[in-house]
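To start, the structure itself, in structure tokens.
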Amino acid sequence: MGFQNRRDFFKTSLLLTAGITGISSKKNKAASLDGPSENRMGVLVDTTVCIGCRSCEWACKTTHGLPTKPIDSYLDRSVYDKKRRPDEHALTVVNEYDNPNNPLLPTDVKVQCMHCEEPACVSACIVGAFTKHPEGAVTWDTDKCIGCRYCMVACPFQVPSFEYSKAVQPKIMKCDFCFERTKEGKLPACVEVCPTEALTYGNRNELIEIAKQRIKRQPDKYYNHILGEAEIGGTSWLYLAGQDFGKLDFPKLGRDPAPGVTEAIQHGIFSYFIPPIALFALLGSVMWINRSKNNGEEK
Amino acid sequence: MEYLMNPTPIKKKFITPGVVVLLILALNAMVFLAIRFFFGIGSMTNLDNQHPWGIWIAIDVACGVALAAGGFTSAALGHIIHKEEFKVILRPALITAMLGYTFVAIGVFVDLGRYYFIWHPLIFWNGTSPLFEVGLCVMIYATVLYIEFLPIVTERFIGHVNLKGRLSFLNVPLDAILRFLDRGLSKTMFVFIIAGVVLSTLHQSSLGTLMVIAGPKMHPLWQTPVLPLLFLISAIAVGFPMIIFESLLASRSLGLKPEMKVLSNLGRMVGPLLVIYLAIKIIDMAIRGTYVYLTEINTASVMFMLEVVLGVIIPLRMFFSEKVLNSRLLLFIAASLVVFGVFLNRINNFLVAYTPPYALNKYFPSIGEISVTIGFIAILVLLYRVIVMFFPVISIPDKKLMPKTKYAIRGEEK
Ligand code: SF4
Ligand code: SF4
Ligand code: SF4
Chain A
1 MGFQNRRDFF KTSLLLTAGI TGISSKKNKA ASLDGPSENR MGVLVDTTVC
51 IGCRSCEWAC KTTHGLPTKP IDSYLDRSVY DKKRRPDEHA LTVVNEYDNP
101 NNPLLPTDVK VQCMHCEEPA CVSACIVGAF TKHPEGAVTW DTDKCIGCRY
151 CMVACPFQVP SFEYSKAVQP KIMKCDFCFE RTKEGKLPAC VEVCPTEALT
201 YGNRNELIEI AKQRIKRQPD KYYNHILGEA EIGGTSWLYL AGQDFGKLDF
251 PKLGRDPAPG VTEAIQHGIF SYFIPPIALF ALLGSVMWIN RSKNNGEEK
Chain B
1 MEYLMNPTPI KKKFITPGVV VLLILALNAM VFLAIRFFFG IGSMTNLDNQ
51 HPWGIWIAID VACGVALAAG GFTSAALGHI IHKEEFKVIL RPALITAMLG
101 YTFVAIGVFV DLGRYYFIWH PLIFWNGTSP LFEVGLCVMI YATVLYIEFL
151 PIVTERFIGH VNLKGRLSFL NVPLDAILRF LDRGLSKTMF VFIIAGVVLS
201 TLHQSSLGTL MVIAGPKMHP LWQTPVLPLL FLISAIAVGF PMIIFESLLA
251 SRSLGLKPEM KVLSNLGRMV GPLLVIYLAI KIIDMAIRGT YVYLTEINTA
301 SVMFMLEVVL GVIIPLRMFF SEKVLNSRLL LFIAASLVVF GVFLNRINNF
351 LVAYTPPYAL NKYFPSIGEI SVTIGFIAIL VLLYRVIVMF FPVISIPDKK
401 LMPKTKYAIR GEEK
């Protein structure tokens with residue numbers, strides 16, 4: 001009897017697993033959009049030009065109605081003693097790093113959402129509260145969000161933050177690429193305020209050209225890499241630096257879009273609901289066969 | 001078998017010292033929950049922007065779903081493969097699954113920043129999100145479990161509806177409703193049973209897909225594209241040990257004789273499942289070459305070894321031994337080890353493996369988080385006790401049915 005059980009059981013469970021693995025190995029295209037559109041905008045951050053004045057931090061807070069100290073207090077450079085991350089109180093922050101090429105001129109790096117071309121947050125959000133706009137911005141919709149914080153788990157740059165101290169309507173906070181301003185034809189607040197033109201707003205393809213030219217013209221000054229051109233399928237924000245990006249705390253990421261694998265699995269399991277329905281039918285017939293078999297034997 | 005087994009409400013005193021302890025733990029959780037709802041999640045948890053998920057997701061949700069897998073594996077075995085001998089475990093397993101998923105839903109509710117929008121996934125769909133799939137499947141499956149529970153309710157109350165006083169005029173219509181439900185349910189129940197199994201395979205595996213998108217933020221010892229398959233198989237493998245574990249516990253606490261024969265037959269199926277699981281895990285590690293991470297000694301490698309050795313390899317060996325299968329104590333130990341292994345695996349996947357690049361500190365659950373989780377488990381155990389005392393769930397030898405089997409001394413056909 002025991003043997004009989006086991007064999008039957010295996011037959012079925014093998015079928016089950018074979019079904020599911022077979023399905024999920026099918027490759028699907030992971031893109032949530034059909035490639036970057038021609039008028040996709042972006043920002044080129046040239047960290048070799050940035051002087052670390054943190055005006056962008058102030059401008060960002062001011063336009064987004066976040067509390068901020070007066071602009072004079074931003075001259076205090078002691079904040080650079082610690083590395084900071086964007087959070088629910090500041091959508092962008094600047095960090096400072098030693099510059100091996102010139103110890104007198106430290107490297108300052110502005111951090112904010114990268115506005116990925118194939119954003120993990122958009123793919124992961126349980127209710128689809130994130131949107132990737134054709135113009136480049138990735139924005140978040142407060143009317144949908146349920147506060148599960150899966151977007152924070154998914155984001156490869158670890159950007160979205162959450163208002164943990166709010167009991168009601170806590171928000172997911174991240175740079176929105178000044179979506180409201182750019183819609184009206186204005187520059188993003190941080191780009192507008194930057195006194196050294198370390199931030200350049202423009203068509204993403206053109207920005208990549210500009211970046212390439214800068215590297216070509218001054219190969220000694222620049223590390224030969226445009227961060228964000230290819231990382232995890234590309235990002236709307238692009239970075240130039242004078243040294244290895246790993247030393248500037250950028251995460252090491254491959255070229256594959258972050259949502260690629262999950263979406264392949266998801267599409268596999270759910271392609272037109274066929275696999276679940278097939279499984280239902282399979283189990284139904286197993287049930288029917290066994291039931292009539294048993295009835296035949298026993299009654 | 002001398003008596004036929006029949007599900008019966010267990011008559012026992014409800015309040016025992018153990019029950020009092022459970023009640024205190026439950027109350028303690030309520031205090032912390034009040035803080036959470038009045039002052040926000042940040043006020044009583046150690047969660048931060050680097051660690052968005054803590055034990056409420058890793059234990060309440062991930063472990064909860066995995067350990068409630070006994071519901072669908074036993075349904076597959078008892079109803080679909082139709083093994084009469086396992087009928088006695090169906091109801092206890094169903095109750096555990098039903099309570100388990102209720103616990104999962106409440107766990108999610110508490111963890112959600114905007115708990116009052118918990119129904120949003122029903123109207124805002126995002127097909128690319130594994131969390132969406134998990135959420136939807138869990139909601140539907142929990143409903144299915146309640147529907148599967150209904151016949152137990154109708155069985156308990158048909159012919160027993162006896163409201164007193166002013167409500168007594170409802171007795172006849174209520175009884176009629178119950179009888180109608182009962183008839184309808186017995187005809188359609190198979191649809192729900194199969195749906196339950198399908199939904200379970202879907203979300204058990206998708207729970208594994210959840211962490212895949214975290215990519216490089218996850219330790220390579222656990223991060224693999226076959227996570228969904230590993231999650232599914234470990235859920236199937238833990239289903240029966242969980243049933244064994246709680247049958248032995250429940251029969252001890254309720255003073256009943258456990259159904260050793262059924263339990264050891266269940267145990268016989270666990271070994272092979274663990275072999276499949278271990279094989280996939282090892283092949284995957286070999287292909288991705290992640291065994292190199294085991295040569296260094298750190299939290300990740302120690303936790304990994306604990307999980308695999310204690311939770312898989314040792315019980316695997318035990319479940320293949322007849323001595324273990326026939327001994328109440330050893331079987332209990334083996335089953336507990338598998339349960340522990342899956343528990344550890346889910347915690348490892350969701351917490352230990354999650355190492356965000358900009359973490360300023362390590363995550364460790366706060367007193368509040370631990371209290372709430374323990375309190376929920378206490379409530380779960382209490383509810384189980386209430387239900388088995390009130391509804392016909394646990395099968396015990398039925399004296400009334402004795403005459404039928406009186407002369408069938410050879411009873412156990414081998
Ligand atoms: S950086 Fe993170 S939050 Fe920003 S678009 Fe990419 S995945 Fe989304
Ligand atoms: S927290 Fe909100 S935005 Fe983030 S994944 Fe959950 S529902 Fe989506
Ligand atoms: S683009 Fe707008 S939201 Fe983003 S960092 Fe700049 S000012 Fe802040």
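The listed protein sequences correspond, in order, to chains A and B. Per the working numbering, the very first residue in the first sequence carries number 1; after that it's consecutive. Per the working numbering, the very first residue in the second sequence carries number 1; after that it's consecutive. Each residue gets a CB set at the ideal place from its N, CA and C atoms; glycine is no exception.
For residue j and residue i, believed in contact at Cβ under 8 Å, the rounded distance
{"i": "A/TYR223", "j": "A/ASP244", "result": "6 Å"}
{"i": "A/PRO188", "j": "A/VAL94", "result": "That pair is no contact at about 15 Å."}
Spatial distance of residue i from residue j (CA atoms)
{"i": "B/MET211", "j": "A/TYR74", "result": "39 Å"}
{"i": "B/VAL309", "j": "B/ALA279", "result": "14 Å"}
{"i": "B/PHE37", "j": "B/ASN345", "result": "30 Å"}
{"i": "A/ALA198", "j": "A/CYS125", "result": "33 Å"}
{"i": "A/LEU227", "j": "B/ARG268", "result": "55 Å"}
{"i": "A/LYS26", "j": "A/VAL261", "result": "Unreliable positioning characterises A/LYS26 in this predicted model, as indicated by a pLDDT of 36, which lies under 50. The coordinate reading is nonetheless provided below. Their Cα atoms are separated by approximately 11 Å."}
{"i": "A/ASP98", "j": "B/THR128", "result": "41 Å"}
{"i": "B/ALA26", "j": "A/GLU192", "result": "55 Å"}
{"i": "B/LYS406", "j": "B/SER395", "result": "Because B/LYS406 sits at a pLDDT of 41, beneath the cut-off of 50, its placement in the model cannot be relied upon, and the point is left open."}
{"i": "A/GLN266", "j": "B/LEU230", "result": "16 Å"}
{"i": "B/THR143", "j": "A/LYS132", "result": "35 Å"}
{"i": "B/HIS120", "j": "B/GLY64", "result": "22 Å"}
{"i": "B/ALA75", "j": "B/ILE193", "result": "7 Å"}
{"i": "B/PHE72", "j": "B/MET260", "result": "21 Å"}
{"i": "B/PRO9", "j": "B/VAL393", "result": "6 Å"}
{"i": "A/SER161", "j": "A/PRO257", "result": "21 Å"}
{"i": "B/MET208", "j": "A/THR196", "result": "Note on identity: in this sequence residue 208 of chain B is Gly, with Met being the wrong assignment. Going by the C-alpha atoms only, they are around 47 Å apart."}
{"i": "B/THR224", "j": "B/ALA335", "result": "27 Å"}
{"i": "A/TYR80", "j": "A/GLY52", "result": "9 Å"}
{"i": "A/GLN169", "j": "B/SER366", "result": "23 Å"}
{"i": "B/PRO315", "j": "B/VAL324", "result": "10 Å"}
{"i": "B/ALA214", "j": "B/ASN348", "result": "14 Å"}
{"i": "B/ASN298", "j": "B/PHE304", "result": "10 Å"}
{"i": "A/ARG291", "j": "B/LEU77", "result": "12 Å"}
{"i": "B/VAL104", "j": "B/THR16", "result": "27 Å"}
{"i": "A/THR17", "j": "A/TRP58", "result": "Confidence at A/THR17 is low in this model, with a pLDDT of 46, below 50, so the placement of that residue is unreliable and no value is reported for it."}
{"i": "B/ILE387", "j": "B/LEU337", "result": "27 Å"}
Span of the beta strand (DSSP E), counted from its first residue to its last, around residue i
{"i": "A/GLY42", "result": "41 to 46"}
{"i": "A/ASN203", "result": "199 to 203"}
{"i": "B/PRO121", "result": "Counting along the chain, B/PRO121 falls outside any beta strand (DSSP E), though it belongs to the alpha helix (DSSP H) covering 120 to 123."}
{"i": "A/PRO251", "result": "Run containing A/PRO251: none; DSSP gives neither H nor E here."}
{"i": "A/PHE130", "result": "130 to 132"}
{"i": "B/SER395", "result": "395 to 397"}
{"i": "A/TYR97", "result": "93 to 97"}
{"i": "A/LYS110", "result": "107 to 111"}
9 Å Cβ cut-off: residues of chain A touching residue i
{"i": "B/GLN204", "result": "Residues of chain A passing the Cβ test: none, with the nearest at roughly 10 Å."}
First and last residue of the uninterrupted alpha helix (DSSP H) at residue i
{"i": "B/ASN162", "result": "Unbroken run through B/ASN162: none, as it is neither H nor E."}
{"i": "B/ASP175", "result": "171 to 209"}
{"i": "A/VAL307", "result": "The structure shown does not extend to residue 307 of chain A, since chain A is modelled only from 1 to 299, so the question has no answer here."}
{"i": "A/THR62", "result": "55 to 63"}
{"i": "B/MET218", "result": "Taken as a continuous stretch (DSSP letters only), B/MET218 belongs to no alpha helix (DSSP H), as it is neither H nor E."}
{"i": "B/LEU325", "result": "322 to 326"}
Partner residues on chain B for residue i, Cβ-Cβ distance less than 8 Å
{"i": "A/PRO170", "result": "GLY40, ILE41, GLY113 and ARG114"}
heavy atom of ligand 2 below 8 Å from residue i C-beta
{"i": "A/PRO86", "result": "no"}
{"i": "A/ALA281", "result": "no"}
{"i": "B/LEU131", "result": "yes"}
{"i": "A/PHE162", "result": "yes"}
{"i": "B/ILE123", "result": "no"}
Chain-ordered neighbours of residue i on chain B, where CB pairs are closer than 7 Å
{"i": "A/GLY147", "result": "LEU112, GLY113 and ARG114"}
{"i": "A/PRO259", "result": "THR128 and ILE213"}
{"i": "A/LYS166", "result": "GLY40"}
beta-carbon residue i near ligand 1 non-hydrogen atom, thresh 8 Å
{"i": "A/CYS50", "result": "no"}
{"i": "A/PRO156", "result": "yes"}
{"i": "A/PHE130", "result": "yes"}
{"i": "A/VAL122", "result": "yes"}
{"i": "A/PRO119", "result": "yes"}
Residue i beta carbon near ligand 3 (any heavy atom closer than 8 Å)
{"i": "A/ARG181", "result": "yes"}
{"i": "A/LEU238", "result": "no"}
Contact set between residue i and chain A, taken where Cβ atoms lie within less than 7 Å
{"i": "B/TYR358", "result": "ARG85 and GLN158"}
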